[in-house]
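Below is one structure, written out as structure tokens; comments come after it.
In my numbering, the protein residues as written are 543 to 762.
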């Protein structure tokens, strides 16, 4: 889909002061984007309510029962079977899906698996592949207008890792994908006398990603 020229970084601070912003950076409660102004937030815990994403008190309850992005999960209690994550995002252009990327180590090598955890337009992830079907969003390359009737202004969900291994170190981060939009070079080409380069993809799918949350198993 091509590369974009730069990105943005954000952090969740209690207030817009130097002290609060640097405190958010130190505790790694941060996220990045490919340049779009998506906002995204993630928490994890062992006993988060399965409807937490739908609560008006999501943030307060998540801090009380779990940890924010950038933190380490506490040791797994005996009563828990797997970590539960809650993730929320709002749009710049409409959102297509939220993914959880899980990483773990096997024989000294890092492995990753991507789970689509919430889809736009009333779709649900395929239970076998953990993937959302496409939502049909498109871009008019003659004007750079894009679909506004597909995708979501806001997406959220509460998700439990279906493949959790208590003895395995792991990390989790959220990734948010927008509907496709014109790449910056396509906008420039439309305003100039030169056509777009065929060697560069005309559209991009902007995205955002959170700091990870880490799980460390107990010592044997």
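Every residue, glycine too, gets a C-beta built ideally from N, C-alpha and C.
When the Cα atoms are used, what is the spatial distance from residue 556 to residue 735?
48 angstroms
Please go through the same chain and pick out, in chain order, the residues whose beta-carbon is closer than 7 angstroms to the beta-carbon of residue 697, but skip the five residues on each side of it.
Excluding residues within five positions, the ones whose Cβ falls inside 7 angstroms are 631, 637, 640, 660 and 662.
So who's on the other strand from residue 724, going by DSSP bridges?
745
DSSP three-state call for residue 736: helix, strand or coil?
coil
Threshold first: 3 residues or longer. Then list the beta strand (DSSP E) segments lying entirely within the stretch 557-586, N to C.
572-575
Among all the DSSP beta bridges, which residues are the ones paired with residue 641?
658 and 717
Alpha-carbon to alpha-carbon, residue 752 and residue 688
26 angstroms
Cβ-based neighbour list, residue 783, same chain, cut-off 8 angstroms, excluding 5 preceding and 5 following
The requested residue 783 is not part of the displayed model; the chain covers only 543 to 762.
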